[in-house]
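Novice: Residue numbers (the numbering used here), protein chains in the order written: chain Z, 608 to 684; chain D, 41 to 401; chain H, 586 to 840. Positions of the beta carbon are idealized from the N, C-alpha and C atoms, including for glycine. Here the structure is a predicted model, which is why all the values come from computation and not from measurement. Have a look at this one.
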Amino acid sequence: MAKMIGTIEVDIETCKGCSLCVEACPTNVIALADEVNGKGYNYAYMANPDACNGCTNCALVCPDSCITVYRKKVEMV
Amino acid sequence: MSELRLMKGNEAIAEAAIRCGADGYFGYPITPQSEVMETLMALKPWETTGMVVLQAESEVASINMLYGGAGCGKRVMTSSSSPGISLMQEGLSYMAGAELPCLVVNVVRGGPGLGTIQPAQSDYFQAVKGGGHGDYKLIVLAPSSVQEMADFVELAFDLAFKYRNPAMILSDGMIGQMMEKVELKPQKKRWTNEDIDEMHPWATTGKKKDRERNIITSVELDSEKHEEANKRIQAKYKELQEKEVRYEAIDTDDAEYLLMAYGSSARISLAAKEILRAKGLKVGLLRPITLFPFPVKQLQNLTGQLKGILSVEMSSGQMVEDIRLAVEGKVRVEHFGRYGGVVHSPEEVANALEQKLTGGK
Amino acid sequence: MEAVINEIKKPENLVYGKTKVLTDNVMHYCPGCSHGVVHKVLSEIIEEMDIQDQTIGVAPVGCSVLIYNYIDIDWQEAAHGRAPALATAMKRLRPDRYIFTYQGDGDLAAIGTAETIHACNRGENIVIIFINNGIYGMTGGQMAPTTIEGMKSSTCPFGREPVHDGNPLKMTELLAQLPGTAYVTRQSVHTAGAVRKTKKAIRKAFEKQKENKGTSVVEVVSTCNSGWKMTPVEANKWMEENMFPFYPLGDIKDV
């Protein structure tokens with residue numbers, strides 16, 4: 608059977624750490640980093656990358672358009 | 041083809057607007073200028089030249105429609121009378137700040153408040169000192185005949201676009217309502233959208249691939265940058281003062297006394313000058329046509345020969361302050377005027393000059 | 586895992602990225618502000634309809650006064666509340682262009698009430714995007730015409746009390762009554778699903794303009810977490826529980 612695997616890329620310096628993507632992610636992939644970016648925000652990152660299915664929800668709700676989403680269909684054995 | 045017609049000043053404004061190729065008129069009714077929009081609506085220029093005419097919900101909306109139209113590089117205008125012009129001050133300040141050209145016609149009536157529907161010249165300060173908030177000025181033209189009402193429409197648009205600043209025709213209820221012979225100029229073509237792209241690259245016409253986006257705005261939150269924007273605007277006013285002063289001087293060569301008046305008061309003062317000349321007084325008339333820029337140098341050139349200047353205005357004395365600033369105390373300057381809707385007679389003006397400047401001799 | 590991510594992160598697998606109609610300027614909005622989401626949605630529609638060179642926006646006074654720094658189209662910045670008057674003249678003088686206003690609740694429903702109602706009543710062929718967060722954000726969280734009963738702001742610090750402060754105004758329902766409006770809807774951007782619906786709504790509004798149908802009004806019930814003094818996530822929850830019952834989502838009019 609086929610499965611969607613995905614990944615996101617966060618523009619760390621544009622991220623304001625609002626946490627809306629964390630909330631929007633249905634598979635709990637995203638968390639806010641302990642580290643801060645140049646503006647002092649705890650930026651979003653993939654804390655649990657294995658769970659990402661590339662659904663784009665995080666990018667849709669991101670007010671600062673700092674999330675890029677990739678998705679690929681893979682055949683599961 | 042030019043055409044000779046007998047018409048009201050207000051009607052002449054409307055005819056001239058269509059004929060000079062104006063793109064839009066947005067207005068709200070108020071006495072004594074409602075004939076401007078009534079004439080436009082009857083002529084239906086949207087069916088001929090394509091000029092848009094719209095009755096807005098208020099003067100506030102009218103002036104902001106001008107902002108939108110001017111921002112697209114279009115030649116847009118409105119007309120109103122004193123209380124309505126007060127409502128437009130916010131919009132005029134924004135347009136001056138955003139460096140947008142437009143034409144506003146003020147057919148002045150007596151104030152303050154709702155005042156009266158009779159003619160007055162009591163909006164001089166509001167017109168020439170900015171009127172709204174911030175450091176800005178309007179280009180102000182003062183017609184004293186129906187012919188000038190017609191001619192100044194195109195002149196005002198030309199100056200407004202040359203300097204990217206709002207222009208005002210400061211008329212009054214007398215010029216607006218009276219009928220005179222007027223020569224209307226032949227119909228000119230309106231600018232096409234392509235003309236505008238070429239002539240006014242600042243206009244918001246849709247961002248082309250080969251240029252940055254155009255932004256029409258008066259806001260700049262960086263104070264240093266905002267000071268620069270203000271300096272650019274002030275430089276235009278300096279240039280206007282140097283290059284665009286317009287005036288009419290009658291019998292000033294040998295004048296010892298000078299009547300200074302614009303608009304309706306200039307017509308009355310011309311008759312007063314004749315009365316005084318007949319009495320043997322050497323009186324001339326200086327009629328500013330541009331109230332901003334004011335004919336400062338032209339007035340200063342006369343100060344050496346003058347014993348006194350009488351500012352004649354249908355107000356309690358507004359232009360008289362600019363005359364005093366110009367002559368720097370070198371000549372005695374007095375004011376005479378009826379106001380609150382009362383129009384002075386030539387005899388009253390002549391008597392005032394004798395009483396105030398010659399000691400009644 | 587690194588290898589797997591690099592395998593996925595290839596141009597052919599790109600499913601969502603920032604539209605080119607948005608500029609690279611970092612938005613001045615507070616973290617979590619709804620404005621950014623609506624800006625993005627609007628920009629995506631402009632890109633998808635391929636109308637970047639045919640669209641002129643009108644910016645309001647309010648937090649989004651600087652929207653022209655973010656969306657790469659021609660813009661005019663209006664005086665407070667006057668955007669529909671600008672747009673009226675712009676569309677009548679340039680009927681070949683897409684004209685829209687972007688206004689907050691203070692701009693559209695208080696100081697600009699007359700301009701809004703009359704533009705809609707004339708059926709001006711424009712799109713009005715109405716961001717309703719029930720508060721004056723830019724000036725520091727004062728009461729708006731749309732502040733709901735009991736909601737706190739810096740000028741109703743104990744909550745809006747209709748007897749003293751007047752009632753919240755359902756402007757969008759009011760505009761739907763007018764014969765000039767073609768499409769009136771209320772949306773939100775608090776979830777991915779809501780963002781998708783808002784995008785559909787704004788797209789529909791632009792399509793209505795293309796078809797010369799009249800005025801379209803898209804209200805987006807939004808958060809102002811700074812003004813509301815909540816976290817962005819709390820603000821979304823508060824909006825769902827308190828704003829939506831008074832400002833229900835969905836199409837109100839579609840002619």
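Can you find the residues in the same chain that come closer than 7 angstroms, C-beta to C-beta, to D:Thr257, ignoring five residues on each side of it along the sequence?
Specialist: Within the second sequence, the letter at position 217 stands for residue 257 of chain D. So the list reads Ala138, once near-sequence residues are dropped.
Novice: Check this for me: beta carbons of D:Pro335 and D:Tyr297, under 7 angstroms apart or not?
Specialist: Locating residue 335 of chain D in the second sequence gives position 295, counting from the first residue. Locating residue 297 of chain D in the second sequence gives position 257, counting from the first residue. In this structure, D:Tyr297 does not lie closer than 7 angstroms to D:Pro335 by Cβ.
Novice: Would Z:Cys625 and H:Gly617 qualify as a contact pair, given that the criterion is a beta-carbon distance under 7 angstroms?
Specialist: Looking up residue 625 of chain Z in the first sequence gives position 18. Looking up residue 617 of chain H in the third sequence gives position 32. Yes, Cβ-Cβ distance for Z:Cys625 and H:Gly617 is below 7 angstroms.
Novice: Going by CA-CA distance only, name the one from D:Leu132, D:Ala57, D:Glu374 and D:Asp262 that's closest to D:Met300.
Specialist: Against the second sequence, residue 300 of chain D aligns to sequence position 260. With distances taken between Cα atoms, D:Met300 lies closest to D:Glu374.
Novice: Within the same chain, show all residues whose beta-carbon is closer than 7 angstroms to that of D:Ala34, passing over the 5 residues directly before and after it, in chain order.
Specialist: The structure shown has nothing for residue 34 of chain D, since chain D only spans 41 to 401.
Novice: Is H:Val769 closer than 7 angstroms to H:Val806 when the C-beta atoms are compared?
Specialist: Taking the third sequence and counting its residues from 1, the one referred to as residue 806 of chain H is at position 221. Taking the third sequence and counting its residues from 1, the one referred to as residue 769 of chain H is at position 184. Cβ atoms of H:Val806 and H:Val769: not closer than 7 angstroms.
Novice: Would DSSP call H:Met728 helix, strand or coil?
Specialist: The count along the third sequence starts at 1 and reaches residue 728 of chain H at position 143. Strand, per DSSP.
Novice: Could one say the Cβ of Z:Gly645 lies closer than 7 angstroms to chain H's Cβ atoms, at least one of them?
Specialist: Counting from 1 along the first sequence, the entry for residue 645 of chain Z is found at position 38. No, because no Cβ of chain H sits closer than 7 angstroms to the Cβ of Z:Gly645.
Novice: Rounded C-beta distance between H:Gly722 and H:Ser628? I'm assuming under 8 angstroms.
Specialist: To locate residue 722 of chain H, count along the third sequence from 1; it is residue 137. To locate residue 628 of chain H, count along the third sequence from 1; it is residue 43. Contact annotation, H:Gly722 with H:Ser628: C-beta distance approximately 21 angstroms; criterion of less than 8 angstroms not satisfied.
Novice: Report yes if the C-beta distance between D:Met218 and D:Ala52 is below 7 angstroms; otherwise report no.
Specialist: What you label residue 218 of chain D is simply residue 178 of the second sequence in a count that begins at 1. What you label residue 52 of chain D is simply residue 12 of the second sequence in a count that begins at 1. In this structure, D:Ala52 does not lie closer than 7 angstroms to D:Met218 by Cβ.
Novice: Could you name the residues of chain D that H:Tyr614 contacts, counting a contact when the two beta carbons are closer than 9 angstroms?
Specialist: Taking the first residue of the third sequence as 1, we reach residue 614 of chain H at position 29. Chain D residues near H:Tyr614: none, gap ~14 angstroms exceeds 9 angstroms.
Novice: Thinking just about the alpha-carbon of each residue, which of D:Gln358, D:Gly348 and D:Lys276 is nearest to the one in D:Lys284?
Specialist: In the second sequence, counting from the first residue as 1, residue 284 of chain D sits at position 244. Per the sequence presented here, residue 284 of chain D reads as Glu, with Lys not at that position. Cα-wise, what sits closest to D:Glu284 is D:Lys276.
Novice: Below 9 angstroms between beta carbons is the criterion; list the residues of the region 644-670 of chain H that meet it against any residue of chain D, in chain order.
Specialist: Ala644, Val646, Val650, Leu651, Tyr653, Asn654, Ile656, Asp657, Ile658, Asp659, Trp660, Gln661, Glu662, Ala663, Ala664, His665, Gly666, Arg667, Ala668, Pro669 and Ala670
Novice: Identify the continuous beta strand (DSSP E) that holds D:Ile273 and give its terminal residues.
Specialist: Working through the second sequence from its first residue, we reach residue 273 of chain D at position 233. For D:Ile273, there is no enclosing beta strand (DSSP E); the residue is found in the alpha helix (DSSP H) stretching over Ser263 to Lys283.
Novice: What does a CB cutoff of less than 6 angstroms around D:Met77 pick up in its chain, not counting 5 residues either side in sequence?
Specialist: Counted from its first residue, the second sequence places residue 77 of chain D at position 37. Counting only Cβ-Cβ distances below 6 angstroms, and skipping sequence neighbours, we find Gly67.
Novice: Output yes if chain H places a C-beta closer than 7 angstroms to the C-beta of D:Cys60; else output no.
Specialist: For the purposes of this step, residue 60 of chain D is taken as the residue at position 20 of the second sequence. So, not an interface residue.
Novice: With distances taken from CA atoms, which of D:Gln129, D:Ser355 and D:Lys202 is nearest D:Gly151?
Specialist: Counting from 1 along the second sequence, the entry for residue 151 of chain D is found at position 111. When each option's Cα is compared against that of D:Gly151, the closest is D:Ser355.
Novice: What ranges does the beta strand (DSSP E) occupy inside the region 670-738 of chain H, keeping only unbroken runs of at least 3 residues that lie completely in it?
Specialist: 683-689 and 712-717
Novice: Is D:Glu353 near D:Gly377, with beta carbons less than 7 angstroms apart?
Specialist: In the second sequence, counting from the first residue as 1, residue 353 of chain D sits at position 313. In the second sequence, counting from the first residue as 1, residue 377 of chain D sits at position 337. Going by C-beta atoms, D:Glu353 is nearer than 7 angstroms to D:Gly377.
Novice: Does any C-beta atom of chain H lie closer than 7 angstroms to the C-beta of D:Tyr379?
Specialist: Walking along the second sequence from the start, residue 379 of chain D turns up at place 339. For D:Tyr379, the answer is no, since every Cβ of chain H falls outside 7 angstroms of its Cβ.
Novice: On the criterion of 16 or more Cβ atoms from any shown chain inside 10 Å, does H:Lys625 qualify as buried, or is it exposed?
Specialist: Translated into positions along the third sequence, residue 625 of chain H becomes position 40. Its Cβ being crowded by 16 or more others within 10 Å, H:Lys625 is buried.
Novice: For H:Met586, which residues in chain Z fall below 9 angstroms Cβ to Cβ?
Specialist: For this step, residue 586 of chain H is matched to residue 1 along the third sequence. The answer, in chain order, is Pro656 and Asp657.
Novice: Please tell me whether H:Val780 has its Cβ less than 7 angstroms away from any Cβ of chain Z.
Specialist: For this step, residue 780 of chain H is matched to residue 195 along the third sequence. At a cut-off of 7 angstroms between C-beta atoms, H:Val780 counts as an interface residue with respect to chain Z.
Novice: My output table needs one value for D:Asn341: the three-state DSSP class, helix, strand or coil.
Specialist: Taking the first residue of the second sequence as position 1, residue 341 of chain D is located at position 301. Correct three-state label for D:Asn341: coil.
Novice: Do we get a CB-CB distance below 7 angstroms when we pair D:Met135 with the residues of chain H?
Specialist: Within the second sequence, the letter at position 95 stands for residue 135 of chain D. Chain H contact via Cβ: absent.
Novice: Mind checking whether Z:Ile615 and Z:Val681 have CB atoms under 7 angstroms apart?
Specialist: The residue you call residue 615 of chain Z lines up with position 8 of the first sequence. The residue you call residue 681 of chain Z lines up with position 74 of the first sequence. No.
Novice: Under 6 angstroms Cβ to Cβ from H:Glu662, same chain only, skipping five residues before and after it: list those, please.
Specialist: The residue you call residue 662 of chain H lines up with position 77 of the third sequence. Here the set comprises Ala644.
Novice: Under 8 angstroms, with one C-beta from each stretch per pair, do the region 820-837 of chain H and the region 716-733 of chain H reach the 3-pair mark?
Specialist: yes
Novice: Please identify the residue among H:Glu700, H:Ser739, H:Lys603 and H:Val589 whose C-alpha is closest to the C-alpha of H:Glu632.
Specialist: Along the third sequence, read from residue 1 onward, the residue named residue 632 of chain H stands at position 47. Per the Cα distances, H:Lys603.
Novice: Measuring only between beta-carbons, confirm whether Z:Tyr652 sits less than 7 angstroms from chain H.
Specialist: The residue you call residue 652 of chain Z lines up with position 45 of the first sequence. Chain H contact via Cβ: absent.
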